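Q:
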Amino acid sequence: MRGGRTPLPHWVDIGLIPLANVVLAFLVAGFIVLAIGENPLVAVRVLIAGALGDSEGIGYTLYYATNFIFTGLAVAVAFHAGLFNIGGEGQAYIGGLGIGLVLLAGDRYLPFSVLLPLTLLAGAGFGAGWALVPAYLQAYRGSHIVITTIMFNFLAAALMVYLMVNVLIAPGSMSPQSREFGPAAHLPFIHDVLAPIGINLTATPLNLSVVLAIVLCVFVWLLLWHTPFGFELRTAGHSEAAAIYAGVRPRRIIIISICLSGAIAGFVGLNEIMGVQHRLLLNFAAGYGFTGIAVALMGRNHPLGIVVASILFGILSQGGTELAFSIPTITRDMIVVIQGLVILFSGALPQLSRPWFEWLFGMLQRQVPAMRGV
Amino acid sequence: MAEPDNRNKMPEGVGTPPPAIELRHIDKRFGAVHANRDVSLSVTRGSITGIVGENGAGKSTLMSILYGVYEADRGEILIDGKPVNIASSSDAIALGIGMVHQHFVLVDTFTVLENIMLGSEGGALLRRGAAAARYEVDRLEHEYGLGVDLDAVIADLPVGALQRVEILKALYRRARILILDEPTGVLTPQETDQLFRILSALRSRAVTIILITHKLREIMAATDAVYVMRAGAIVANLRTADTEPAELAELMVGRKVRLTLDKAAGNFGGPALVAEGLTLRDEHGVLRIDNASFHVRTGEIVAIAGVSGNGQSELLEVLAGIRPPTGGRFTASGREVTAETPCNPAEMRSIGVAHIPEDRHRLGLVTAFAANESAILGYQRDSVFSHYLLLIKQILMSHCAMLMERFDVRPRAPMLRSANFSGGNQQKLIIARELAREPKVLLIGQPTRGVDIGSIEFIHRQLIQRREAGCAILLVSVELDEVMALADRILVMCGGRIVGDLLADQADERKLGLLMANAQGREVSGAPGVGEAS
Numbered sequence: 001m002r003g004g005r006t007p008l009p010h011w012v013d014i015g016l017i018p019l020a021n022v023v024l025a026f027l028v029a030g031f032i033v034l035a036i037g038e039n040p041l042v043a044v045r046v047l048i049a050g051a052l053g054d055s056e057g058i059g060y061t062l063y064y065a066t067n068f069i070f071t072g073l074a075v076a077v078a079f080h081a082g083l084f085n086i087g088g089e090g091q092a093y094i095g096g097l098g099i100g101l102v103l104l105a106g107d108r109y110l111p112f113s114v115l116l117p118l119t120l121l122a123g124a125g126f127g128a129g130w131a132l133v134p135a136y137l138q139a140y141r142g143s144h145i146v147i148t149t150i151m152f153n154f155l156a157a158a159l160m161v162y163l164m165v166n167v168l169i170a171p172g173s174m175s176p177q178s179r180e181f182g183p184a185a186h187l188p189f190i191h192d193v194l195a196p197i198g199i200n201l202t203a204t205p206l207n208l209s210v211v212l213a214i215v216l217c218v219f220v221w222l223l224l225w226h227t228p229f230g231f232e233l234r235t236a237g238h239s240e241a242a243a244i245y246a247g248v249r250p251r252r253i254i255i256i257s258i259c260l261s262g263a264i265a266g267f268v269g270l271n272e273i274m275g276v277q278h279r280l281l282l283n284f285a286a287g288y289g290f291t292g293i294a295v296a297l298m299g300r301n302h303p304l305g306i307v308v309a310s311i312l313f314g315i316l317s318q319g320g321t322e323l324a325f326s327i328p329t330i331t332r333d334m335i336v337v338i339q340g341l342v343i344l345f346s347g348a349l350p351q352l353s354r355p356w357f358e359w360l361f362g363m364l365q366r367q368v369p370a371m372r373g374v
Numbered sequence: 001m002a003e004p005d006n007r008n009k010m011p012e013g014v015g016t017p018p019p020a021i022e023l024r025h026i027d028k029r030f031g032a033v034h035a036n037r038d039v040s041l042s043v044t045r046g047s048i049t050g051i052v053g054e055n056g057a058g059k060s061t062l063m064s065i066l067y068g069v070y071e072a073d074r075g076e077i078l079i080d081g082k083p084v085n086i087a088s089s090s091d092a093i094a095l096g097i098g099m100v101h102q103h104f105v106l107v108d109t110f111t112v113l114e115n116i117m118l119g120s121e122g123g124a125l126l127r128r129g130a131a132a133a134r135y136e137v138d139r140l141e142h143e144y145g146l147g148v149d150l151d152a153v154i155a156d157l158p159v160g161a162l163q164r165v166e167i168l169k170a171l172y173r174r175a176r177i178l179i180l181d182e183p184t185g186v187l188t189p190q191e192t193d194q195l196f197r198i199l200s201a202l203r204s205r206a207v208t209i210i211l212i213t214h215k216l217r218e219i220m221a222a223t224d225a226v227y228v229m230r231a232g233a234i235v236a237n238l239r240t241a242d243t244e245p246a247e248l249a250e251l252m253v254g255r256k257v258r259l260t261l262d263k264a265a266g267n268f269g270g271p272a273l274v275a276e277g278l279t280l281r282d283e284h285g286v287l288r289i290d291n292a293s294f295h296v297r298t299g300e301i302v303a304i305a306g307v308s309g310n311g312q313s314e315l316l317e318v319l320a321g322i323r324p325p326t327g328g329r330f331t332a333s334g335r336e337v338t339a340e341t342p343c344n345p346a347e348m349r350s351i352g353v354a355h356i357p358e359d360r361h362r363l364g365l366v367t368a369f370a371a372n373e374s375a376i377l378g379y380q381r382d383s384v385f386s387h388y389l390l391l392i393k394q395i396l397m398s399h400c401a402m403l404m405e406r407f408d409v410r411p412r413a414p415m416l417r418s419a420n421f422s423g424g425n426q427q428k429l430i431i432a433r434e435l436a437r438e439p440k441v442l443l444i445g446q447p448t449r450g451v452d453i454g455s456i457e458f459i460h461r462q463l464i465q466r467r468e469a470g471c472a473i474l475l476v477s478v479e480l481d482e483v484m485a486l487a488d489r490i491l492v493m494c495g496g497r498i499v500g501d502l503l504a505d506q507a508d509e510r511k512l513g514l515l516m517a518n519a520q521g522r523e524v525s526g527a528p529g530v531g532e533a534s
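These protein sequence lines map, in sequence, to chains A and B.
Per this note's numbering, the very first residue in the first sequence carries number 1; after that it's consecutive.
Per this note's numbering, the very first residue in the second sequence carries number 1; after that it's consecutive.
See below:
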């Protein structure tokens, strides 16, 4: 169980190395931009300005980040229980379905104050329910959770197409969408919330879901590191034998952690359906579930890290859109390549730069006592 | 007699061959920890040199430097008199240094030969390489009398054989210097003897051997010279023939150590733990515990002796509630447990049954957790640690600090990861956690496996103290010395059955050895296979 050759200070591990990985990803992306004949420095400027330059850019960036926080947290919760939940995509999709169903059923009769708790329950409940079957199969039948959750993503997509095309489609509509919800079923936009207190922001899709995302971060942090249940969950994640020794039932942990994971993923539907689209439609969860895996990896499965990683991916999403607008040779596909590089370097190769830092700190450690004249 | 400073008197004469290994002024720090302080040693070619020291004395770090796992901050390494630079273990292997680790690194599903070839397959197709390797390994086997079946699958082999595979692996890579890190920790007395026979065969063929251990008896039995390390420095360099265990122990610990144990006459009460016809079949239908009946009274230490793998581990797991029995019953603190009325570990704890498991890395603590978290493992639901559903960090910290103080866990660092404590201190932390509860029944497996002398003495005293406080203690150990020093009564397990039940003062090593090995007419040095044969 010997880790690296030189133990690194904590802040290097969680701060400097991820930063170095991102810089590395941007360097490689810069060469690609150079290769297609554009100036990478200009591209970076456009990207940053587009994402953070004005309140509109920031609003969009945070709106994307909200989804990433939900799916990233979902992956992290399962990860601490030693499980890899690849099904965030499907759980987000079905969570959104639950939210949409509640709103379609109740938007004409119930006030917002009643609808909101119901939608929260529905989003969490549908997401958790969709995760329950893979969780059960893992816990009691030994079917690998990675396989089953991937398959459930496809099932979710197929189910949604069926429902949208055959059942929930608005009468007379040409596209598979439900009718628009009534105003009682709209989650307020942040720019609308802040306007009365004199803060005027450009209209963006950023809505109150972002508050829920932050609340969930705190909740997950408390749950995992400050409750007996979180202690048991992490114990089971590190060693099933130790968990059994400690009187924990690993199967129970599997069921609860995966359902919790699904419930958190389900809130993507809150942001998208209740917050932005105001109707049920297809593909609103597109890609967020998978990006959540990269977000969790990059954020070291810690809520704080996940917030930082989510904002970075938000910047890439929003800035990338701007980039595609301003520099026509850099297409949408190029943006996907850049995002892919960031995922590659910080998600898939997080230890890539570690040896360099170990070497660097090894040198420093040897230098410092020498300088002190020891 | 040699003093620490005589180490500089290295013979550099023209006629004498240079030492096989010479370390000069090796210094290594890990952050604040000064793991090796100006260590110099020299090992003669074709000798067995022991390095003893308590856990954390720096033995393993020193050997890791020699094997290229760590780089020294300062100092020189000379092999056969030539200065070398060992930056990685492949450098070390190229220089003819082989290492047999405490925990074996073998592929379970491969055969012995495949494991030995691993990393030097010799070409894209296996067949030619395999034939050449088989020829060479066969030769080594015969030369040193290792007695390993090359076509056996690793998973089927007993621990003693695995170790011989590791030795073969090193020899196959042309190792002329062999480092063995705590090689006897997992061996039976008979396997240990066999290992020492192999080592002296190697010595007679000019292989240089470094033996890292904390078992003084082994140093006395196997080595030619011995270095004693304490707190990162070499404190003595002795010829084995000129020293004795008590002196080595004193040098290691830095104070007088009692190697024997004072124990008051027993004051036994009623039975606190009673097993009747206890039986366990595992998921493959193999009988692991076969109709075991025994009892442990309050204030009594009952030890279970036996070659490891004969059902002792399973017995502890059943009694701790980790596995339900498949037949029979046992009663602990008044709770009856049968196949129909199983009991989980949390409930066993709540009725005052504490369990200190054999495998501290897998069960006893979570190596990735901070010490203060490992210090509540199993008691995480106890209301003293929480306030309104939340675990209170300050309480965890002060609880852990208290345990560390009372049970002398070093370093006293509740925030340090459990993995970063030495084996002995990890064990003391677990023992502290369980004993602080003042259990009525204590189940304890291999309490001092991989634990240094100073800690062994401490742990034994703690157990005796619990016994005097009226705790019923069931002890499983493969160390016969320990069994005989602690126990009031000794049960011997073989093939899942209890084959002997004797009072401690009637037992001696020979009698126990016979019971352990010969109950089924099995060859003494043979595989300690699990109770399939009953």
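All residues carry an ideal CB built from backbone N, CA and C; glycine is no exception.
All values derive from a computational prediction rather than experimental measurement.
Rounded to a whole number of angstroms, what is the C-alpha to C-alpha distance between Arg-522 (chain B) and Tyr-70 (chain B)?
A: With a pLDDT of 41 at Arg-522 (chain B), under the threshold of 50, the modelled position of this residue cannot be trusted; read the value that follows with caution. Distance between the alpha carbons of Arg-522 (chain B) and Tyr-70 (chain B) is about 44 Å.
Q: Is Gly-15 (chain A) helix, strand or coil by DSSP?
A: In the structure shown, Gly-15 (chain A) sits in a helix (DSSP, three-state: H, G or I).
Q: Is the region 421-435 of chain B touching the region 354-368 of chain B in the sense that three or more CB pairs, one from each, lie closer than 8 Å?
A: Output reads yes: the region 421-435 of chain B touches the region 354-368 of chain B.
Q: Kindly say whether Lys-393 (chain B), judged by its beta-carbon, lies nearer than 9 Å to any beta-carbon of chain A.
A: It does: the Cβ of Lys-393 (chain B) has a partner Cβ on chain A nearer than 9 Å.
Q: Counting only Cβ pairs nearer than 9 Å, list the residues of chain B close to Thr-235 (chain A).
A: Those are Val-366, Phe-369, Glu-373, Leu-377, Gln-380, listed as they occur along chain B.
Q: Using the rule of at least 16 other Cβ atoms within 10 Å of the residue's Cβ for burial, across every protein chain shown, is Asn-178 (chain A) buried or exposed?
A: Here residue 178 (chain A) turns out to be Ser, not Asn, going by the sequence shown. So Ser-178 (chain A) counts as buried.
Q: On the DSSP bridge list, what partners appear for Pro-345 (chain B)?
A: DSSP, once it has assigned bridges, lists no residue as partnering Pro-345 (chain B).
Q: Under 6 Å Cβ to Cβ from Gln-339 (chain A), same chain only, skipping five residues before and after it: list those, please.
A: Same-chain partners within the cutoff: Leu-316.
Q: Quick check on the DSSP output: the beta strand (DSSP E) that includes Phe-30 (chain B) runs from which residue to which?
A: That run of the beta strand (DSSP E) goes 21-30.
Q: Buried or exposed, going by whether 16 or more other CB atoms sit within 10 Å of the CB of Gly-531 (chain B)?
A: Because Gly-531 (chain B) carries a pLDDT of 37, less than 50, the predicted location of this residue cannot be relied on, and no value is offered for it.
Q: Ends of the alpha helix (DSSP H) at Thr-279 (chain B)?
A: Careful: Thr-279 (chain B) lies outside any alpha helix (DSSP H), inside the beta strand (DSSP E) at 271-281.
Q: For Gly-470 (chain B), name the three-state secondary structure that DSSP assigns.
A: Gly-470 (chain B): coil per DSSP, three-state reduction.
Q: Report all residues from its chain with a CB closer than 7 Å to the CB of Arg-37 (chain B); omit the five preceding and five following residues, and keep chain order.
A: If we look at Arg-37 (chain B) and ignore the five residues flanking it on each side, its Cβ neighbours are Asp-27, Gly-232, Ala-233.
Q: Could you tell me whether the Cβ atoms of Gly-513 (chain B) and Leu-486 (chain B) are closer together than 9 Å?
A: Going by C-beta atoms, Gly-513 (chain B) is not nearer than 9 Å to Leu-486 (chain B).
Q: Quick check on Gln-365 (chain A) - is its C-beta less than 9 Å from some C-beta in chain B?
A: Chain B, which has a Cβ nearer than 9 Å to the Cβ of Gln-365 (chain A), makes this yes.
Q: Could you tell me which residues DSSP puts in a beta bridge with Ser-386 (chain B)?
A: Partner(s): B:Leu-391.
Q: So with CB distances below 7 Å, who are the chain B contacts of His-302 (chain A)?
A: Those within 7 Å of His-302 (chain A) in chain B number zero; the least Cβ separation is about 14 Å.
Q: Identify whether Tyr-136 (chain A) lies in helix, strand or coil by the three-state DSSP scheme.
A: Tyr-136 (chain A) falls in the helix class under three-state DSSP.
Q: Using a beta-carbon distance cut-off of less than 7 Å, what residues from the region 238-268 of chain A approach chain B?
A: Taking 7 Å as the Cβ-Cβ cut-off against chain B, the residues of the region 238-268 of chain A that qualify are His-238, Ser-239, Ala-241, Ala-242, Ile-244, Tyr-245, Ala-246, Gly-247.
Q: Can you find at least 3 beta carbon pairs, one from the region 251-261 of chain A and one from the region 270-280 of chain A, that sit closer than 8 Å?
A: Touching, no, given that fewer than three Cβ pairs across the two stretches are closer than 8 Å.
Q: Do you know offhand how far Leu-223 (chain A)'s Cα is from Asp-382 (chain B)'s?
A: Distance between the alpha carbons of Leu-223 (chain A) and Asp-382 (chain B): 17 Å.
Q: Under the three-state reduction of DSSP, which class applies to Gln-520 (chain B): helix, strand or coil?
A: For Gln-520 (chain B), the predicted model reports a pLDDT of 43, less than 50, meaning its position is unreliable; a value from the coordinates is still stated below. If DSSP states are grouped into helix, strand and coil, Gln-520 (chain B) belongs with coil.
Q: What does DSSP give as the partner residues of Arg-288 (chain B) in its beta bridges?
A: Bridge partners of Arg-288 (chain B): none, in fact.
Q: Please confirm whether Ile-51 (chain B) and Ile-212 (chain B) have their CB atoms less than 9 Å apart.
A: Yes, they are a contact pair.
Q: For the region 220-233 of chain A, list every residue whose C-beta sits within 9 Å of some C-beta in chain B, in sequence order.
A: Within the region 220-233 of chain A, the qualifying residues are Leu-222, Trp-225, His-226, Thr-227, Pro-228, Phe-229, Gly-230, Phe-231, Glu-232.
Q: Need the endpoints of the beta strand (DSSP E) that Ala-42 (chain B) sits in, please.
A: This sequence places Ser at residue 42 (chain B); Ala is not what is there. Start and end: 33-43.
Q: Give the single residue among B:Ala-225, B:Ala-236, B:Leu-66 whose Cα lies nearest to the Cα of Ile-177 (chain B).
A: Selected option, being the one with the closest Cα: B:Leu-66.
Q: So, is Gly-37 (chain A) buried or exposed, given that buried needs 16 or more other C-beta atoms within 10 angstroms?
A: Exposed is the call here.
Q: If you follow the beta strand (DSSP E) that Pro-83 (chain B) is part of, which residue opens it and which one closes it?
A: Note, Pro-83 (chain B): beta strand (DSSP E), 82-84.
Q: Would you give the residue range spanned by the beta strand (DSSP E) that Glu-336 (chain B) belongs to?
A: Taken as a continuous stretch (DSSP letters only), the beta strand (DSSP E) holding Glu-336 (chain B) covers 335-338.
Q: Buried or exposed: which applies to Asn-85 (chain B), given that a residue is buried once 16 or more other Cβ atoms fall within 10 Å of its Cβ?
A: The residue is exposed, with fewer than 16 neighbouring Cβ atoms inside 10 Å.
Q: Contact criterion: CB-CB distance below 9 Å. Does Ser-386 (chain B) meet it with respect to chain A?
A: Interface residue, yes.
Q: Does the Cβ of Trp-11 (chain A) have 16 or more other Cβ atoms within 10 Å, making it buried, or fewer, making it exposed?
A: Its Cβ having fewer than 16 others within 10 Å, Trp-11 (chain A) is exposed.
Q: Hey, how far is the Cα of Gly-96 (chain A) from the Cα of Leu-137 (chain A)?
A: The alpha-carbon atoms of Gly-96 (chain A) and Leu-137 (chain A) are separated by roughly 24 Å.
Q: Given a threshold of 16 other Cβ atoms within 10 Å of its Cβ, counted over all protein chains shown, does Ile-444 (chain B) qualify as buried or as exposed?
A: Buried, because 16 or more other Cβ atoms sit within 10 Å of the Cβ of Ile-444 (chain B).
Q: Please list the partners that Ile-322 (chain B) has in chain A, where partner means a Cβ-to-Cβ separation under 9 Å.
A: The answer, in chain order, is Ala-241, Ile-244, Tyr-245.
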